[in-house]
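Chains as they are written, first to last, in our numbering: chain A, 192 to 538; chain B, 9 to 272.
Structure below.
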């Protein structure tokens with residue numbers, strides 16, 4: 192049952208997200224400041240834009256914000272949304288609090304793909320993208336497909352076999368990655384950096400590719416939030432309540448895998464977000480996926496954007512991998528939730 | 009009025025044949041017990057009835073319509089199911105769980121309407137779960153949880169409710185409470201209850217018709233007084249029992265006899 196208070200949570204998160212976007216756009220080696228950054232962003236909006244005068248600000252500010260920072264901000268927002276919403280899905284569908292978007296071997300498949308691309312050489316490109324995202328995407332999809340094929344039998348999908356074959360394929364990919372690292376030491380650091388995630392490579396092209404995947408994918412998952420509630424009580428019960436459990440699971444798996452793969456292939460395997468955001472939000476909303484999913488999406492976007500802003504500004508000009516920040520910022524917050532929570536027994 | 013008909017139902021898990029030609033008829037407002045030793049196919053039969061498993065041969069028809077020709081929602085509007093494993097997983101409130109019973113009447117998008125709310129309230133009244141509505145399903149005792157799951161099945165507003173050993177985990181007081189509730193659903197609400205059970209004495213006391221199964225076929229059917237006979241039980245379960253008609257319960261009492269010292 193929905194609660195009235197949810198409206199305020201949505202307003203709060205949405206306003207925070209907008210504020211964080213403006214803040215992040217102003218932050219960096221050229222320190223533009225919150226108000227000026229807001230002016231520059233608003234000036235590009237239809238109608239309102241005409242009323243805003245940015246002639247007193249240097250042109251370079253505009254260029255920095257629109258060609259460099261905004262695409263990166265949007266990439267972080269999309270990636271955070273995708274990973275959190277998929278985390279909610281996998282935890283709900285597998286009835287397993289340890290599940291995250293990478294549970295089906297997506298991350299290790301993506302890393303393997305990326306590692307191969309690094310070794311082949313990153314000069315080559317296709318559709319304006321380097322080889323790395325393409326190979327990472329392919330690796331993610333191939334790994335998940337293999338996991339899926341192992342687990343499905345006569346149209347039935349066994350959750351335990353899915354998780355186990357995900358782990359198995361994950362280990363297989365990891366050992367191949369280790370082989371690659373040993374064979375090509377000069378690429379080792381780049382591969383390891385990639386596994387920790389980074390938004391450095393993002394551009395408007397990244398945003399344009401990610402947007403449809405994440406938008407449509409998230410929409411499909413959100414529309415199925417009610418079904419996911421029922422699915423999370425077990426397949427047999429779900430069937431008895433009128434849900435075609437196996438075809439619903441397949442649909443959700445395919446969609447979530449695509450959303451995760453597209454996030455990972457551009458930003459690397461950012462850990463923690465997809466596992467912890469759903470839990471943190473569940474403390475507030477309870478298990479109802481109709482509330483948990485949209486609120487997690489917003490919270491994940493906000494969290495990853497803040498982490499990325501920290502990643503590129505804290506030790507500028509040196510960038511810190513975002514995976515390091517997500518854990519450094521997220522763990523203390525999450526542990527404080529764990530300690531305070533009365534629901535702890537049920538996670 | 010006949011409501012459900014099973015004809016020549018077969019089911020196998022791979023090479024293992026579990027149901028080998030089951031025929032049963034079910035009438036409206038009647039409490040049926042399905043009995044038989046472990047592994048005789050009782051639970052498999054239920055899973056075929058609510059559509060989780062697909063029969064390898066034979067048919068299950070509701071008023072002439074094969075349930076395999078119904079979509080899952082239509083099937084769920086006709087047949088509800090109270091699972092044996094009552095583990096719900098996440099910390100849903102009792103109200104949320106009962107409201108799930110309205111799923112077959114909705115697409116993914118629309119919210120509960122007033123008719124749904126009315127049915128949910130009615131389900132909570134009938135099962136005395138109103139005071140539990142805001143509790144987490146995982147905080148409930150075994151008996152309360154079973155009542156909540158029966159409420160969910162009742163909210164489905166189906167003519168048929170299947171139950172898989174609803175009282176096997178409960179103490180005697182709660183066993184009686186749940187069985188009374190189930191029998192009332194048949195008597196007062198005109199539901200057809202199909203209940204898989206192990207306890208022969210509860211079956212004697214509560215059911216109106218028993219199907220006794222062994223090795224995937226029905227080996228005995230009829231009113232409890234006919235079916236619960238020492239000879240038949242010995243054939244089916246392989247156990248010696250003492251059976252008598254009890255004055256207090258007005259039903260048969262079955263007492264398994266130890267093989268250690270045959271005192272009778």
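Ideal Cβ positions, reconstructed from N, Cα and C, are used throughout, including at glycine.
Rounded straight-line distance, which links the Cα of residue j to that of residue i
| i | j | result |
| --- | --- | --- |
| residue 538 of chain A | residue 95 of chain B | Caution applies to residue 538 of chain A, whose pLDDT of 45 falls short of 50 and renders its modelled position unreliable; the model cannot decide the point. |
| residue 205 of chain A | residue 306 of chain A | 37 angstroms |
| residue 429 of chain A | residue 422 of chain A | 5 angstroms |
| residue 84 of chain B | residue 52 of chain B | 18 angstroms |
| residue 440 of chain A | residue 281 of chain A | 10 angstroms |
| residue 124 of chain B | residue 16 of chain B | 37 angstroms |
| residue 89 of chain B | residue 222 of chain B | 23 angstroms |
| residue 489 of chain A | residue 138 of chain B | 35 angstroms |
| residue 371 of chain A | residue 454 of chain A | 23 angstroms |
| residue 192 of chain A | residue 122 of chain B | With a pLDDT of only 44 at residue 192 of chain A, under the threshold of 50, the placement of this residue in the model should not be trusted; the figure read from the coordinates follows. Approximately 14 angstroms, taken between the alpha carbons. |
| residue 72 of chain B | residue 244 of chain B | 32 angstroms |
| residue 431 of chain A | residue 300 of chain A | 36 angstroms |
| residue 536 of chain A | residue 148 of chain B | Low local confidence applies: a pLDDT of 49 at residue 536 of chain A is under 50, so the model's placement there is unreliable, with the coordinate-based value given in what follows. When rounded, the distance between both Cα atoms is 14 angstroms. |
| residue 213 of chain B | residue 252 of chain B | 13 angstroms |
| residue 275 of chain A | residue 157 of chain B | 31 angstroms |
| residue 385 of chain A | residue 373 of chain A | 16 angstroms |
| residue 542 of chain A | residue 362 of chain A | The question about residue 542 of chain A has no answer here: the residues shown for chain A are numbered 192 through 538. |
| residue 207 of chain A | residue 293 of chain A | 28 angstroms |
Per DSSP, cross-strand counterpart(s) of residue i
| i | result |
| --- | --- |
| residue 15 of chain B | B/67 |
| residue 41 of chain B | B/203, B/218 |
| residue 343 of chain A | A/348 |
| residue 228 of chain B | B/220 |
| residue 10 of chain B | B/35 |
| residue 293 of chain A | DSSP, once it has assigned bridges, lists no residue as partnering residue 293 of chain A. |
| residue 101 of chain B | B/144 |
Run of the beta strand (DSSP E) containing residue i, from where it starts to where it stops
| i | result |
| --- | --- |
| residue 227 of chain A | No beta strand (DSSP E) holds residue 227 of chain A; the alpha helix (DSSP H) holding it covers 225 to 234. |
| residue 473 of chain A | Where residue 473 of chain A is concerned, there is no enclosing beta strand (DSSP E), although the alpha helix (DSSP H) it sits in stretches over 464 to 476. |
| residue 253 of chain B | 249 to 253 |
| residue 233 of chain B | Not the beta strand (DSSP E): residue 233 of chain B falls in the alpha helix (DSSP H), residues 232 to 235. |
Interface partners of residue i on chain A, CB under 8 angstroms
| i | result |
| --- | --- |
| residue 112 of chain B | 432, 433 |
| residue 59 of chain B | 430, 431 |
Segment limits, alpha helix (DSSP H) that includes residue i
| i | result |
| --- | --- |
| residue 24 of chain B | First-last for residue 24 of chain B: 24 to 35, but that is the beta strand (DSSP E), not the alpha helix (DSSP H). |
| residue 89 of chain B | From DSSP, residue 89 of chain B is part of no alpha helix (DSSP H) but of the beta strand (DSSP E) over 87 to 90. |
| residue 201 of chain A | 197 to 217 |
| residue 48 of chain B | Note, residue 48 of chain B: premise wrong, no alpha helix (DSSP H); not H, not E. |
| residue 155 of chain B | 150 to 163 |
| residue 379 of chain A | 379 to 387 |
| residue 112 of chain B | No alpha helix (DSSP H) holds residue 112 of chain B; DSSP gives it neither H nor E. |
| residue 452 of chain A | 436 to 458 |
| residue 253 of chain A | 250 to 254 |
DSSP state of residue i mapped onto helix, strand, coil
| i | result |
| --- | --- |
| residue 57 of chain B | helix |
| residue 325 of chain A | helix |
| residue 260 of chain B | strand |
| residue 511 of chain A | coil |
| residue 279 of chain A | helix |
| residue 480 of chain A | helix |
| residue 170 of chain B | strand |
| residue 242 of chain B | helix |
| residue 423 of chain A | coil |
| residue 130 of chain B | helix |
| residue 73 of chain B | strand |
| residue 266 of chain B | coil |
| residue 176 of chain B | coil |
| residue 144 of chain B | strand |
| residue 20 of chain B | strand |
| residue 417 of chain A | helix |
| residue 245 of chain A | coil |
| residue 536 of chain A | Bear in mind that a pLDDT of 49 at residue 536 of chain A, under 50, signals an unreliable position, so the number given afterwards is only what the model happens to contain. Residue 536 of chain A: helix per DSSP, three-state reduction. |
| residue 237 of chain A | coil |
| residue 135 of chain B | coil |
| residue 286 of chain A | coil |
Contacts that residue i makes with chain A (C-beta to C-beta distance below 7 angstroms)
| i | result |
| --- | --- |
| residue 88 of chain B | 431 |
| residue 81 of chain B | 433 |
Cross-chain neighbours of residue i in chain A, by beta carbon under 9 angstroms
| i | result |
| --- | --- |
| residue 97 of chain B | 283, 286, 423, 424, 425, 478 |
| residue 104 of chain B | 192, 420, 477, 478, 479 |
| residue 100 of chain B | 420, 423, 424, 477, 478, 479 |
| residue 109 of chain B | 432 |
| residue 84 of chain B | 430, 431, 432, 433, 434 |
Neighbouring residues, chain B, relative to residue i (Cβ below 7 angstroms)
| i | result |
| --- | --- |
| residue 428 of chain A | 91 |
Partners in chain B for residue i, counting only beta-carbon separations shorter than 9 angstroms
| i | result |
| --- | --- |
| residue 396 of chain A | Simply none; closest approach about 34 angstroms. |
Residue i: CB within 8 angstroms of a non-hydrogen atom of the ligand ZN
| i | result |
| --- | --- |
| residue 131 of chain B | The ligand content of the structure shown is nil, which means the ligand ZN is not present either. |
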